[in-house]
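So the structure is just underneath, and the comments pick up after that.
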Amino acid sequence: MPKKTGPRDLYGYDPASDTVRVGRHDLARLLLMFRSFAREQAPGSWRHMDDYDVTFERLADAVDAATRARQGDRWAGPDLRMRCTTTEPAYAWPAGAPYDGGTPAIWSVKGYGSHATLQDGGGQFHTGLCGFTWLEEEARRASGLPDCPECLREVQLGGDRPRGGW
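Residue numbers (our numbering): 4 to 169.
See the structure below:
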């Protein structure tokens with residue numbers, strides 16, 4: 004059972020920020036448990052970037068950041084070796100994404116940062132690689148990399164690892 008870290012903390016929980024303080028080792032164990040659980044699923048049974056997958060990516064980001072901070076380095080972004088791969092059989096990957104040879108389009112959505120889409124289609128609705136959806140009137144085309152960490156990871160995954168490779 005975890006120890007209380009102080010009189011105001013309830014086992015590392017901070018109600019003001021709704022965060023829980025845990026050790027890097029515990030985060031890494033959870034990440035490994037999730038990856039092994041994902042591998043046990045039937046092929047294509049989980050859609051990439053659903054809630055559980057986004058949670059997994061954020062957990063991996065926390066492990067990366069903690070590892071870098073412990074080594075005295077500043078976290079410069081996700082380590083793609085900690086992420087699900089394009090060959091992971093449990094995931095149903097979207098067609099046309101950057102790791103499938105597609106070119107992402109970057110959109111700046113007012114009040115919600117910038118996101119990457121699979122392609123620059125001329126439809127009324129746009130859906131980012133992270134699953135966020137917006138109307139075309141709510142956004143404008145942008146250049147550079149997206150602000151959204153999930154969209155950014157998808158673009159980086161496409162640039163660093165070709166489809167089917169690890």
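Every residue gets a Cβ at the ideal spot worked out from N, C-alpha and C, and that includes glycine.
Pull up the distance between the alpha-carbon of Asp76 and that of Ala65, whole angstroms please.
Spanning the two alpha carbons is a distance of roughly 14 Å.
Is DSSP giving Val112 helix, strand or coil here?
In this structure, Val112 counts as strand in the three-state DSSP scheme.
Please work out which residues of its chain come closer than 8 Å, Cβ to Cβ, to Trp96, disregarding the five sequence neighbours upstream and downstream, and give them in chain order.
Once the five neighbours on either side are set aside, the close Cβ partners of Trp96 are His51, Thr89, Tyr102 and Asp103.
If you draw a straight line from the alpha carbon of Pro18 to that of Arg61, how long is it in whole angstroms?
When rounded, the separation of the alpha-carbon atoms in Pro18 and Arg61 is 20 Å.
For the alpha helix (DSSP H) containing Ala72, list its first residue and its last residue.
Annotation: the continuous alpha helix (DSSP H) that includes Ala72 extends over Asp54 to Arg73.
Val23 in three-state terms, based on DSSP:
Here DSSP, grouped into helix, strand and coil, assigns Val23 to strand.
Are Ala63 and Trp78 touching if we call contact CB-CB under 8 Å?
No, they are not a contact pair.
Using 8 Å as the threshold, is the C-beta distance between Thr58 and Arg27 below it?
With respect to Arg27, Thr58 sits apart: the two C-beta atoms are not nearer than 8 Å.
Evaluate Ser117 with the Cβ neighbour count: other Cβ atoms within 10 Å of its Cβ, from every protein chain shown; 16 or more gives buried, anything less gives exposed.
The residue in question, Ser117, is buried, as its Cβ has 16 or more Cβ neighbours within 10 Å.
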